[in-house]
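Participant: Numbering (my numbering), first residue to last: 2 to 92.
(1) Under 8 angstroms between the Cβ atoms of residue 83 and residue 24?
(2) Which of helix, strand or coil does DSSP assign to residue 114?
(3) Going by DSSP in three states, residue 74 sits in which element: helix, strand or coil?
(4) Could you give the residue range of the alpha helix (DSSP H) that holds residue 38?
(5) Could you have a look at residue 57 and say whether DSSP puts it in helix, strand or coil?
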């Protein structure tokens, strides 16, 4: 779910859960600032969208500048673990 949806879901469950309780865990996918404001704070995957945009723009500029070979770039997402999920026991 997006962090916007996760934020609303976390808020609606805030009275019932504090962190991970009753086996309920949730995570978002876009790591917007609201994830840090919810109760519990929302775990999210940061897709590195700002970096992706910067790299894409530079590649486009290179293409328009006549560069023949545009290198492939891999940008890894990053898991931001917050209170809405827990580390599995034994790990």
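For every residue, glycine included, the Cβ atom is placed at its ideal position computed from N, Cα and C.
Facilitator: The structure says:
(1) Counted from its first residue, the chain shown places residue 83 at position 82. Counted from its first residue, the chain shown places residue 24 at position 23. For the 8 angstroms CB-CB criterion, residue 83 and residue 24 do not form a contact.
(2) The structure shown does not extend to residue 114, since the chain is modelled only from 2 through 92, so no value can be given for it.
(3) Translated into positions along the chain shown, residue 74 becomes position 73. Residue 74: coil per DSSP, three-state reduction.
(4) Numbered from its first residue, the chain shown carries residue 38 at position 37. Residue 38 -> alpha helix (DSSP H) spans 35-38.
(5) Numbered from its first residue, the chain shown carries residue 57 at position 56. Three-state result, residue 57: helix.
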